[in-house]
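I have placed the structure first, in the form of structure tokens, so that the comments after it can refer back to it.
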DNA sequence: CGCAACTAGTTTTAGATCAAACGATCATCA
DNA sequence: TGATGATCGTTTGATCTAAAACTAGTTGCG
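Chains as they are written, first to last, in our numbering: chain A, 1174 to 1333; chain B, 1174 to 1333.
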């Protein structure tokens, strides 16, 4: 490895961000996965600033919509997060009147989750913002979208 | 949406994890990206328990190795994390004698970062563990690896 | 020169996340 | 029936992260 003789020539037009070698990292799927997720997350948040759109909230509400009566535990597994992180999200959603929890009489440890009408309306609004973001991603990956999702899904399924 | 008549038949061989509909989420690249990154990260951590292998540490050391004399700010950009999160990592690495910081005389605000011999040795050990993990990912994606990384890289480049 | 605007790194504050421990409830089986 | 062990949801503690405020140093320009 040559000592990367830093070209600090005084006339070089200030290389705002000098190129950085990623080295072995550049060949790691895990690393690029993190970078991409991070970039996606940040872009999402940028758009989200407008609405009260937090990614976690959106995912939770969307899953409840698709699975009315789902329990918090199943919800946590579907959304890929620990069950303990679901608790505060649900509390916030309930406080804001967007979801309703009802005890399941057959198993009084569990709760059944539903969207309220206000929740349905809110989800519809959030969906538009989210769809806009994902259209951006769609444009980036083009016709490889299906293949990309299939690969990501396989990673999740295999690694548990 | 039919009320998902939950098949709670008493003789059904306990459906450990009843199928959950992801709904619109299932078509979102961003969502699958998060799930996959999460699964990868957790699998990594599982293996990492053995060594003192924290993903952040590993990435930082690998980038320093590939770019001796790099500054913390450039490092934060390359690793996709905020500069303020780099500080404690560097402090820990320096405390453990794995990196060295030296002031840059040309700009006394900046620090140049290097791996110490102990750091080089440690990185080599960590690399083996990391490589093992990424081989797992390689096996999952098979010959699509190159394409997958290209897609992820394009996402990062486009979304900034 | 000397002031204003900018940059590098740190500290502080706030939020998200996981893991482990806990109370309440349920299932199993003698 | 009654005790043991499992499961659901919550709480607590630790770690990781970003954003904003701050200090020290630098650059530009009158």
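Beta carbons: idealized from backbone N, C-alpha and C, even for Gly.
Just so we're clear, the structure is a prediction, and the values are computed from it rather than from any experiment.
| Asked | Found |
| --- | --- |
| Cβ of residue 1283 (chain B) within 8 Å of any chain A Cβ | no |
| Spatial distance of residue 1205 (chain A) from residue 1226 (chain B) (CA atoms) | 18 Å |
| Segment contact, 8 Å Cβ cut-off, at least three pairs: the segment 1313-1324 of chain A with the segment 1288-1304 of chain A | no |
| Alpha-carbon spacing of residue 1288 (chain A) relative to residue 1252 (chain B), whole angstroms | 39 Å |
| Chain-ordered neighbours of residue 1218 (chain A) on chain B, where CB pairs are closer than 7 Å | Ordered by position in chain B, no residue passes the 7 Å Cβ test against residue 1218 (chain A), which lies about 11 Å from the chain. |
| Residue 1245 (chain B) beta carbon less than 8 Å from that of residue 1306 (chain B) | no |
| DSSP beta-bridge partners of residue 1274 (chain B) | B:1286 |
| Rounded C-alpha distance that separates residue 1254 (chain A) from residue 1280 (chain B) | 44 Å |
| One or two residues paired with residue 1243 (chain B) in a DSSP bridge | B:1286 |
| Chain B contact for residue 1197 (chain A) (CB, 8 Å cutoff) | yes |
| Short CB-CB distance (under 8 Å) between residue 1180 (chain A) and chain B | The predicted model places residue 1180 (chain A) with a pLDDT of 35, which falls under 50 and marks its position as unreliable; any figure quoted below should be read in that light. Closer than 8 Å: no. |
| Start-to-end residues for the alpha helix (DSSP H) that takes in residue 1323 (chain B) | 1318-1332 |
| Any chain B beta carbon closer than 8 Å to residue 1272 (chain A) | no |
| Residue 1233 (chain B) and residue 1212 (chain A) closer than 8 Å at C-beta | no |
| Local Cβ density within 10 Å of residue 1236 (chain B), reported as buried at 16 or more and exposed below that | buried |
| Span separating the alpha-carbon of residue 1218 (chain B) from that of residue 1294 (chain B) | 21 Å |
| Rounded separation between residue 1196 (chain B) and residue 1241 (chain A) - CA only | 12 Å |
| Of the listed residues B:1333, B:1207, B:1214 and B:1310, nearest to residue 1228 (chain A) (C-alpha basis) | B:1207 |
| Between the CA atoms of residue 1257 (chain A) and residue 1290 (chain A) - distance to the nearest angstrom | 26 Å |
| Where residue 1256 (chain B) sits in the DSSP three-state scheme | helix |
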